[in-house]
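The working numbering puts the first residue of the sequence shown at 3, with every later residue one more than the last.
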Amino acid sequence: MSFIIFNGDITDRQNAKVDIEDRGYQFGDGIYEVVRIYNGHPFALTAHIERFFESAAKIQMDISYSKEKIESLIYALLDKEGKSTASLYLQYSRGISVRNHVIPKNINGTLVGYLLDGERPVALMENGVSAIIAADTRWLHCDIKSISLLGNILAKSKAVEAGCTEAILHRDQIVTEGSSTNIWIVQDGELITHPANNLILNGITRQQLIMIATQHDMPYTEKSFTVTELLHADEVFLTSTTLEIVPITIIDGKKIGNGKPGAITKELQKLFTLSIEAECGLLV
Ligand SMILES: Cc1ncc(COP(=O)(O)O)c(C=O)c1O
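What follows is the structure in structure tokens.
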């Protein structure tokens, strides 16, 4: 990585400096997005930019750049970097102000964007991963894609320490989402995922899958399900921008179904790949 988006321009990473009183640095006062790049094209960019602005509005933060300007900066960065497969990290923090909890008025935020390397996680998608179940100790505004991610970080690290890939979170036995993913179960042929309310991030991949399920007459419901239902589901999988659709075959050491990626999960993976290809070109 050498070039970055920094406050309205593309610049060399070395030229970018963030002040110690930037509220993103001090308070975690900011929002972010991660966009997948396939064949040099951003996937579902409009949806990501919309959510970026929605997250900002939910914390009373005005982004001092238009959606069009941010989009053009992203294309300029992609042009400069010339990467085929990557993830774009985009962050906007509230900006620099003398330390005080009260939201300052009339300051410009700090915009940063750069590309992270990362191939599609093909092996995980094919073989599935294991997960742990953990208490959801986060705040009650999980619909905001906030850069304050301590609850998520602690849960993910607990999963990795246990030799797993993801922590599936629950509040009073109701499964909410993963530490950085949305969680789905398949029960008697029906797809089930938590409703998009304040307890989860309404994932762009989640939204894409709902569109796919609708188009293909695959039954789905957005409703809560319990940890017990999770453990007894026919199939479990996670979705996210970077992981796409990954089967979860073992939870807390217990096999889900026969312990192999399920047929409906595999079908969704195929359909999702087709929708990426329709927007970004063939994936090899
Ligand atoms: C907590 C959480 N839930 C769900 C998701 C999946 O969202 P998306 O599909 O937009 O990547 C993420 C992605 O980072 C996340 O952090």
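Cβ coordinates follow ideal geometry from the N, Cα and C atoms, glycine included. All figures in this text were calculated on a predicted structure; none of them were measured in a lab.
The residue among MET127, SER89, VAL20 with its C-alpha nearest the C-alpha of LYS262 is MET127. The C-alpha of LEU285 is placed about 8 Å away from the C-alpha of TYR40. For ASP190, the closest of THR223, ILE247, GLN210, ALA164 by C-alpha to C-alpha distance is THR223.
Residue pairing by DSSP places TYR116 opposite TYR91 in a beta bridge. The beta carbons of LEU117 and GLU83 sit closer together than 7 Å. Approximately 6 Å separates the beta-carbon atoms of VAL114 and ILE7; this is inside 8 Å, confirming the contact. GLU279: member of the alpha helix (DSSP H) spanning 265-282, first to last residue. Looking at the DSSP output, GLU192 shares a beta bridge with GLN189.
Its chain contains ARG96, GLY97, ILE98, SER99 as the residues whose beta carbon lies nearer than 8 Å to that of ILE109, once the 5 sequence neighbours on both sides are disregarded; these appear in chain order. Taking a cut-off of 8 Å on C-beta distances, the segment 190-210 touches the segment 237-248, as three or more cross pairs fall below it.
Placement of the Cβ of GLU179 at a distance of less than 6 Å from at least one heavy atom of ligand 1 is found.
In this chain, ILE212 is not harboured by any beta strand (DSSP E); it is covered by the alpha helix (DSSP H) spanning 206-217. In the three-state reduction of the DSSP assignment, ASN129 falls in the helix class, which pools H, G and I. DSSP places ARG38 inside the beta strand (DSSP E), whose first and last residues are 32-40.
Annotation for TYR222: the continuous beta strand (DSSP E) segment containing it runs 222-224. Taking a contact as a CB-CB distance under 8 Å, the pair ALA169 and SER181 counts as one, their CB atoms being some 5 Å apart.
Close CB contacts of SER132 within its chain, under the 6 Å cut and outside five residues either way in sequence, are with CYS166, ILE252 (chain order). Taking a 10 Å sphere around the C-beta of GLY10, we find fewer than 16 other C-beta atoms and assign the residue as exposed. Of the candidates GLN271, PHE239, PRO197, LEU201, LEU201 places its Cα closest to the Cα of THR139. Taking ARG15 as the centre and dropping the five residues before and after it, the same chain places the C-beta of MET3, SER4, PHE5, ILE6, TYR116 closer than 8 Å to its C-beta, in chain order.
Within the chosen limit of 6 Å, ligand 1 reaches the beta carbon of THR183 through at least one heavy atom. With a threshold of 6 Å, the Cβ atom of LEU47 does not count as near ligand 1, since no heavy atom of the ligand is closer than that.
Note on geometry: alpha-carbon atoms of ILE266 and SER277 lie some 17 Å from one another.
Judged by their CB atoms, ILE185 and ALA235 are not nearer to each other than the 7 Å cut-off.
Taking PRO249 as the centre and dropping the five residues before and after it, the same chain places the C-beta of GLY130, PHE239, PRO263, THR267 closer than 6 Å to its C-beta, in chain order. Listed in chain order, the non-local C-beta contacts of ASN199 below 8 Å within the same chain comprise ASP145, local neighbours out to five positions each way being set aside.
Scanning its chain for C-beta atoms nearer than 7 Å, with the 5 sequence neighbours on each side dropped, one finds around LYS160 the residues ILE134, ALA136, ALA169, in chain order.
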